[in-house]
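In what follows, a structure is listed as structure tokens, so that the remarks can point back to it.
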Ligand code: SF4
């Protein structure tokens with residue numbers, strides 16, 4: 001099982017952001033109460049967590065590094081004291097330049113954080129300003145070098161394409177500048193224009209122009225090409241890693257791992273623990289009128305629940321245990337769709353044998369028509385043991401994935 005901890009504080013709100021985060025100007029007066037509430041929620045979920053331990057912990061936001069050293073220490077030691085964590089767990093803290101210094105980086109390293117995910121977005125200061133980010137490239141560079149000095153040897157840098165004022169050339173400069181620093185992992189997301197944000201209003205009113213779809217597509221193609229030159233392998237639509245440095249936490253999301261999310265707006269994805277919803281070889285045999293073959297007893301996919309904490313920090317601090325609600329119950333049919341949608345994000349694709357073992361049906365029985373249709377259109381590649389998006393398919397991934405619902 002994986003753990004996600006949401007820290008909904010930021011120095012100020014970026015112009016494109018619709019995540020649940022509260023701009024606090026760098027001061028977080030309620031942080032102490034908030035951290036205490038997170039640890040109370042963790043404590044209350046002991047039964048769900050079980051004894052095998054978290055294989056990954058991701059402290060995300062917001063900007064977790066707006067927390068003071070004292071609050072970060074209380075949080076991280078509290079997690080280790082409150083729940084089992086495997087010895088080789090990946091422990092990531094998301095951070096933003098402008099909220100880091102040597103003391104905080106050293107402390108995180110000492111507390112056992114072994115991966116940083118730094119939100120740079122662009123190496124061009126004019127583009128950072130257009131996004132409303134609080135930092136400059138020079139501040140990022142200083143933080144990055146300090147992080148290396150204090151011993152972080154697994155760092156992700158987040159970049160963005162489609163920024164107002166960004167050109168193909170400036171984007172390529174950002175890619176080459178960052179790849180030249182040799183972080184272990186680079187994520188490159190397209191800017192998504194979210195309704196209700198200041199950037200959305202400016203674009204709607206014609207005050208700001210975005211690079212456009214064509215440029216965005218060119219930037220996407222360029223990303224794979226340039227990062228490959230620097231030894232990065234694309235393993236997911238937007239994620240690139242040096243060998244051995246895929247993000248284990250996100251890989252968990254894409255491969256159906258259970259996760260517990262703490263904090264307002266955090267989601268959890270957990271097995272039905274009652275045992276009623278467990279799909280067994282016998283239940284598949286009954287469902288198929290006694291026709292199911294021998295799956296070696298390995299069909300053990302349970303009905304899953306998606307839970308959500310409401311995006312309300314006041315309600316959360318008042319009652320961190322009771323606010324959670326069930327958002328969705330995922331039955332076998334939903335889980336089969338979800339398997340395809342998530343696996344197709346990965347360059348490794350969806351595995352036929354794994355699918356059969358999980359669900360007791362072959363992938364072709366359930367999705368054969370769709371697979372044939374998109375293979376014919378050159379958007380999917382049938383590799384025999386698995387099915388994966390082609391380069392062309394990655395460009396229109398969302399519309400292909402919709403067909404598996
Ligand atoms: S730092 Fe991230 S979470 Fe915070 S406002 Fe900016 S985009 Fe949103």
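Numbering (the numbering used here), first residue to last: 1 to 405. Don't be surprised by glycine CBs; every beta carbon is placed ideally from N, CA and C. Because the structure is a prediction, the values reported are computed rather than measured.
Taking the Cβ atoms as the reference, residue 56 lies roughly 4 Å from residue 249, within the contact range of under 8 Å. For residue 156, the distance from the CB to the nearest heavy atom of ligand 1 is not below 7 Å.
In this structure, residue 161 places its C-beta atom within 8 Å of the C-beta atom of residue 188. DSSP places residue 185 inside the beta strand (DSSP E), whose first and last residues are 185–190. Distances from the CA of residue 157 to each of 147, 385, 373 were compared; the closest alpha carbon is that of 147.
Looking at the DSSP output, residue 91 sits in a beta bridge with 57. In terms of side-chain proximity, the C-beta atom of residue 140 is found no nearer than 7 Å to any non-hydrogen atom of ligand 1.
Taking every protein chain shown into account, the CB of residue 221 has fewer than 16 other CB atoms within 10 angstroms, so this residue is exposed. Ranked by Cα distance from residue 110, the options 76, 169, 126 are led by 76.
Note that the C-beta distance between residue 199 and residue 208 is below 8 Å.
Placement of the Cβ of residue 322 at a distance of 7 Å or more from every heavy atom of ligand 1 is found. Annotation for residue 235: the continuous beta strand (DSSP E) segment containing it runs 233–236. By the neighbour-count criterion, in which 16 or more other beta carbons inside 10 Å mark a residue as buried, residue 131 falls on the buried side.
When C-alpha distances from residue 151 are compared across 126, 173, 114, 127, the shortest belongs to 114. For ligand 1, a non-hydrogen atom lies closer than 7 Å to the CB of residue 96. The C-beta distance from residue 312 to residue 194 rounds to 19 Å, too long to fall under 8 Å, and the pair is not in contact.
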